[in-house]
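Comments concern the structure below.
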Amino acid sequence: MEWGYVNHFDEIKDRSREEQLEIPEKARYEAFVVLGMFLHRRLHGKLLHKGLTIVLSAEAIQRA
Numbered sequence: 004m005e006w007g008y009v010n011h012f013d014e015i016k017d018r019s020r021e022e023q024l025e026i027p028e029k030a031r032y033e034a035f036v037v038l039g040m041f042l043h044r045r046l047h048g049k050l051l052h053k054g055l056t057i058v059l060s061a062e063a064i065q066r067a
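Residue numbers (the working numbering): 4 to 67.
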């Protein structure tokens, strides 16, 4: 299915066939591994912050 990327992206149509196959592989890595990990950390941070808010709220209720 790799051949499906040849002449698929306008930004790299002027490149060699090999580059047109290699560049999307790098882009896929960046999108799923690098950005995915960034988004995962960000989501994890938001969930952790929400959990912290819940815990602190429960402590405040217990003190009252």
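Backbone N, C-alpha and C define an ideal beta-carbon position, used for all residues, glycine too. Keep in mind it's a predicted model, so treat the numbers as computed, not measured.
With DSSP as the reference, label residue i as helix, strand or coil.
{"i": "phenylalanine 41", "result": "helix"}
{"i": "lysine 16", "result": "coil"}
{"i": "valine 36", "result": "helix"}
{"i": "valine 58", "result": "helix"}
{"i": "histidine 11", "result": "coil"}
{"i": "alanine 1", "result": "Since the first residue of the chain shown is 4 and the last is 67, residue 1 is not available in this structure."}
At a cut-off of 7 Å, is residue i close to the ligand GTP when judged by its beta-carbon and the heavy atoms of the ligand?
{"i": "histidine 47", "result": "For the ligand GTP, the structure offers nothing, since it holds no ligand at all."}
Spatial neighbours of residue i within its chain, please: CB distance less than 8 Å, with the 5 preceding and 5 following residues excluded, ordered by chain position.
{"i": "asparagine 10", "result": "Lys16 and Gln23"}
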